[in-house]
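*Asks:*
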Amino acid sequence: MTTSARAPIGPMLFRQTTAEFLKLWRVPAFSATSLLLPVVFYAFIGIGQASQRLQGTHITFGAYFLASMAVYAVANVMIFSFGISVANERGMKMDLLMRATPLPPLAYLLAKCITAIVFAALTLAVLFPFAYIAGGVRLDATEWFTLAYRVLLGSIPFIALGFAIGYLAGPNSAIAVINLIYLPTAFASGVPGGLRRGVLRDCALGVSARREP
72 MTTSARAPIG
82 PMLFRQTTAE
92 FLKLWRVPAF
102 SATSLLLPVV
112 FYAFIGIGQA
122 SQRLQGTHIT
132 FGAYFLASMA
142 VYAVANVMIF
152 SFGISVANER
162 GMKMDLLMRA
172 TPLPPLAYLL
182 AKCITAIVFA
192 ALTLAVLFPF
202 AYIAGGVRLD
212 ATEWFTLAYR
222 VLLGSIPFIA
232 LGFAIGYLAG
242 PNSAIAVINL
252 IYLPTAFASG
262 VPGGLRRGVL
272 RDCALGVSAR
282 REP
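With the working numbering applied, the sequence shown corresponds to residues 72 to 284, in that order.
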């Protein structure tokens with residue numbers, strides 16, 4: 072009795088990632104919003120006071136708000152776009168259909184994660200030049216790179232949160248659940264730039280100060 076050899080996961084992962092990327096890229100409501108919304112926010116809020124320095128620091132508001140919008144852009148892709156996408160796919164029973172294919176579950180999940188990170192990197196690739204040209208933000212090459220890779224690494228928990236919401240909430244309730252979780256925590260942490268020091272950051276500093284001997 073002979074058994075068929077298992078197909079290598081590398082080519083399947085590459086093709087599944089390509090399919091996931093093209094599926095989202097061909098939806099202007101997703102791709103255009105993900106790429107341009109942070110730029111619009113930066114244009115309305117950041118450009119007018121980009122050259123002002125934060126009180127007691129040498130950091131300009133343009134650079135500070137750039138970092139805030141970078142985090143917002145990445146989190147927006149991970150939570151809103153992919154969380155809702157997973158919920159909609161579950162509503163259409165696409166997850167059950169994928170189980171009937173030879174595609175390993177790991178390749179399916181990794182393809183979604185890689186696609187999310189690629190889209191997040193594209194949003195930064197659009198936001199950074201805009202902040203440089205329109206906002207006059209001047210950073211060293213190492214600072215640009217450090218900001219980008221730290222934001223992308225910090226997006227990994229948001230991928231997990233997006234998947235959790237997508238699998239726990241239905242397609243009709245996913246948007247409400249995401250807004251209920253993401254928006255309060257975003258404003259409390261100061262990500263939109265409205266708070267000089269976020270409430271969550273102050274709480275974290277207070278907890279760490281109490282634990283110090």
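Idealized CB from N, CA, C, for every residue including glycine.
For Ala144, collect the residues of the same chain with a Cβ closer than 8 Å to its Cβ; drop the 5 residues on either side in sequence, then sort them by chain order.
*Replies:* Here residue 144 refers to the residue found at position 73 when the sequence shown is read from its first residue. These residues qualify, in order along the chain: Ser105, Leu108, Pro109, Ala191, Thr194, Leu195, Leu198.
*Asks:* Please determine if the stretch 220–234 and the stretch 153–162 are in contact, where contact requires at least 3 C-beta pairs separated by less than 8 Å.
*Replies:* Yes, since at least three Cβ pairs between the stretch 220–234 and the stretch 153–162 fall closer than 8 Å, the two stretches touch.
*Asks:* If you run the structure through DSSP and keep just helix, strand and coil, what is Thr256?
*Replies:* If you number the sequence shown from 1, residue 256 lands on position 185. Here Thr256 sits in helix by DSSP.
*Asks:* Any chance the stretch 234–243 sits against the stretch 155–167, with 3 or more Cβ pairs inside 8 Å?
*Replies:* Yes, since at least three Cβ pairs between the stretch 234–243 and the stretch 155–167 fall closer than 8 Å, the two stretches touch.
*Asks:* When the distance is taken between beta carbons, is Glu91 closer than 7 Å to Ala219?
*Replies:* Working through the sequence shown from its first residue, we reach residue 219 at position 148. Working through the sequence shown from its first residue, we reach residue 91 at position 20. Not a contact, by the Cβ cut-off of 7 Å.
*Asks:* Should Gly117 be labelled buried (16 or more other beta-carbon atoms within 10 Å of its own) or exposed?
*Replies:* Stepping through the sequence shown from its first residue, residue 117 is reached at position 46. Per the 10 Å Cβ criterion, buried.
*Asks:* So who's on the other strand from Arg170, going by DSSP bridges?
*Replies:* Along the sequence shown, one-based indexing puts residue 170 at 99. Answer is none; Arg170 lacks a bridge partner.
*Asks:* Can you tell me which of Ser122, Ala100, Val98, Ile80 puts its alpha carbon nearest to the alpha carbon of Phe208?
*Replies:* By one-based count along the sequence shown, residue 208 stands at place 137. A quick correction: the sequence has Val, not Phe, at residue 208. For Val208, the nearest C-alpha among the options comes from Ser122.
*Asks:* Could you tell me the alpha carbon to alpha carbon distance between Ala114 and Thr213, rounded to whole angstroms?
*Replies:* Here residue 114 refers to the residue found at position 43 of the sequence shown. Here residue 213 refers to the residue found at position 142 of the sequence shown. Whole-angstrom Cα-Cα distance: 25 Å.
*Asks:* At a threshold of 6 Å, does Ile118 count as lining the ligand GDP (C-beta to nearest heavy atom)?
*Replies:* No copy of the ligand GDP appears in this structure; indeed no ligand is present at all.
*Asks:* Do Ile185 and Thr89 have their beta-carbon atoms positioned less than 7 Å apart in this structure?
*Replies:* Counting from 1 along the sequence shown, the entry for residue 89 is found at position 18. Counting from 1 along the sequence shown, the entry for residue 185 is found at position 114. Cβ atoms of Thr89 and Ile185: not closer than 7 Å.
*Asks:* Could you give the C-beta distance for Phe149 and Ala202, rounded to a whole number, given that I count them as a contact under 8 Å?
*Replies:* By one-based count along the sequence shown, residue 149 stands at place 78. By one-based count along the sequence shown, residue 202 stands at place 131. Checking the displayed sequence, the identity of residue 149 turns out to be Met instead of Phe. With 8 Å as the limit, Met149 and Ala202 do not qualify as a contact, their Cβ atoms being about 21 Å apart.
*Asks:* Assuming Leu174 contacts Met83 under a Cβ cut-off of 8 Å, what Cβ separation, rounded to an integer in Å, is found between them?
*Replies:* One-based indexing of the sequence shown puts residue 174 at position 103. One-based indexing of the sequence shown puts residue 83 at position 12. Leu174 to Met83, Cβ: 6 Å. Contact.
*Asks:* List the residues that DSSP assigns as beta-bridge partners of Thr89.
*Replies:* In the sequence shown, residue 89 corresponds to position 18, counting from 1. For Thr89, which the question treats as bridged, DSSP gives no partner whatsoever.
*Asks:* On the CB-based measure, 16 or more other CB atoms within 10 Å of its CB, does Pro79 come out buried or exposed?
*Replies:* What you label residue 79 is simply residue 8 of the sequence shown in a count that begins at 1. Exposed, because fewer than 16 other Cβ atoms sit within 10 Å of the Cβ of Pro79.
*Asks:* Roughly how many angstroms lie between the CA atoms of Tyr179 and Ala247, to the nearest whole one?
*Replies:* Locating residue 179 in the sequence shown gives position 108, where the first residue counts as 1. Locating residue 247 in the sequence shown gives position 176, where the first residue counts as 1. Distance between the alpha carbons of Tyr179 and Ala247: 26 Å.
*Asks:* Kindly identify the DSSP beta-bridge partner or partners of Arg124.
*Replies:* Translated into the one-based positions of the sequence shown, residue 124 becomes position 53. In DSSP, Arg124 forms a bridge with Thr131.
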